[in-house]
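Participant: Below are the structure tokens for one structure; questions will follow.
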Amino acid sequence: MATKEHSEGLAFHPMDQFIVKPLFGEVGDPVYWYTITNVTLWLFLTVVAVSLLLVAGTRGRAIIPTKIQSVAELSYGFIYKMVEDVAGKDAVRFFPYIFTLFMFIVMSNFLGLLPLAFTTTSHLAVTVVLALAVFLTVTITGFVLHGAKFLSLFWVSSAPLPLRPILALIEVISYFVRPVSHSIRLMGNMMAGHAVIKVFAAFAPLILLSGLGVLVTPLSVLAISTIYALEVLVAFIQAYVFTILTCVYLKDALHPSH
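Residue numbers for the sequence shown follow the working numbering, beginning at 2 and rising by one.
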């Protein structure tokens with residue numbers, strides 16, 4: 002009996018950190034579309050953090066920039082160059098949207114690394130909305146600018162004629178799968194990374210209770226620190242990947258011919 006209670010006390014659930022909970026009320030209360038949850042709170046904090054960085058942080062516009070102003074200016078220049086290089090100079094008009102998208106995702110990812118924080122980009126409901134917004138923006142832009150000629154995106158004119166209908170079908174399927182892969186890639190990487198951190202973090206107390214703490218705990222702490230550092234890198238890379246794919250899709254809308 003004592004062994005059973007002891008093992009239950011050591012139980013940990015790395016996926017519990019992704020549970021959507023009402024901000025006010027009990028944990029088991031139902032969550033409706035209008036319920037203020039932990040997701041709502043951290044989405045709001047993300048918007049506040051981005052606003053503080055880009056608005057409050059650059060208000061002075063000092064000739065010798067502060068650290069916050071430097072980060073804001075580097076982010077601005079980095080994404081502007083990405084849009085111009087990947088999608089072309091005519092895509093610069095979409096820069097405000099793409100820059101906002103990048104800053105929201107990267108700030109959500111970084112805030113989710115704080116202790117007791119909630120990673121909003123680890124939820125499919127959030128990443129699907131972002132991916133669908135990109136998909137609809139690109140598709141509508143393509144038809145507005147090119148009309149029916151936008152469909153040439155699916156017609157591989159350089160391929161042999163008998164293969165073109167098959168390739169067109171593949172291109173259509175690939176196009177409509179974009180929001181699925183776009184959203185799942187971000188969600189899956191953020192969820193997996195945080196789950197791994199939680200698992201490694203649970204090893205330290207287990208090792209201490211096993212009697213090998215003095216020898217093994219430093220290795221466990223080192224492993225946790227390494228995984229955490231890797232997750233910081235992943236947080237930026239996933240925001241970068243989501244943004245650069247948006248630029249690639251936008252390029253297809255602006256220049257649809259194969």
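Ideal Cβ positions, reconstructed from N, Cα and C, are used throughout, including at glycine.
1. Leaving out five residues on either side along the sequence, give the residues of the same chain with a beta carbon under 6 Å from the beta carbon of Leu-55.
2. Would you say the stretch 90–103 touches the stretch 14–34, given that touching needs at least three Cβ pairs under 8 Å?
3. Using a Cβ-Cβ distance under 8 Å, would Pro-66 count as near chain B?
4. My output table needs one value for Val-120: the three-state DSSP class, helix, strand or coil.
5. What residue from Phe-105, Phe-243, Phe-237, Ala-202 has the CA that sits closest to Leu-223's CA?
6. Since Phe-245 and Val-87 are thought to touch, with beta carbons under 8 Å apart, how far apart are those beta carbons, to the nearest angstrom?
7. What are the start and end residues of each continuous alpha helix (DSSP H) run of 4 or more residues lying completely inside the stretch 21–71, in chain order?
8. Restricting to Cα atoms, I'd like to know which of Ala-118, Ile-106, Lys-199, Tyr-81 is closest to Phe-96.
9. Could you compute how far the alpha carbon of Val-157 sits from the alpha carbon of Ala-254?
10. Exposed or buried, which one is Ala-160 when buried takes at least 16 other CB atoms within 10 Å?
11. So which of Glu-85, Gln-70, Thr-101, Thr-36 has the shortest CA-CA distance to Thr-47?
12. Less than 8 Å between the CB atoms is what I'm expecting for Val-21 and Val-32, so what's the real figure, rounded?
13. When DSSP labels each residue in this structure, what does Pro-266 get in the three-state scheme?
14. Ignore the nearest five residues each way along the sequence and tell me which others in Pro-66's own chain have a CB closer than 8 Å to its CB.
Facilitator: In short, the structure shows the following:
1. These residues qualify, in order along the chain: Ala-73.
2. Under the Cβ criterion (8 Å, minimum of three pairs), the stretch 90–103 does not count as touching the stretch 14–34.
3. Of the chains in the structure shown, none is chain B; there is only one protein chain.
4. According to the sequence shown, residue 120 is Thr rather than Val. Of the three classes helix, strand and coil, the one that applies to Thr-120 here is coil, per DSSP.
5. Taking only the C-alpha atoms, the option nearest Leu-223 is Ala-202.
6. In the sequence as displayed, the identity of residue 245 is Ile instead of Phe. Their Cβ separation, rounded to whole angstroms, is 6 Å, which keeps Ile-245 and Val-87 in contact under 8 Å.
7. As far as the stretch 21–71 is concerned, its whole alpha helix (DSSP H) runs of at least 4 residues are 39–52.
8. Taking the Cα of Phe-96 as reference, the smallest distance to any Cα among Ala-118, Ile-106, Lys-199, Tyr-81 is reached at Tyr-81.
9. Roughly 15 Å between the two C-alpha positions.
10. Exposed, because fewer than 16 other Cβ atoms sit within 10 Å of the Cβ of Ala-160.
11. Minimum Cα distance to Thr-47 is reached at Thr-101.
12. Right, their Cβ atoms sit about 6 Å apart.
13. A query on residue 266 cannot be resolved here, the shown segment of the chain reaching from 2 to 259 and no further.
14. In the same chain as Pro-66, and ignoring 5 residues on each side of it, the C-beta atoms closer than 8 Å to its own belong to Glu-74, in chain order.
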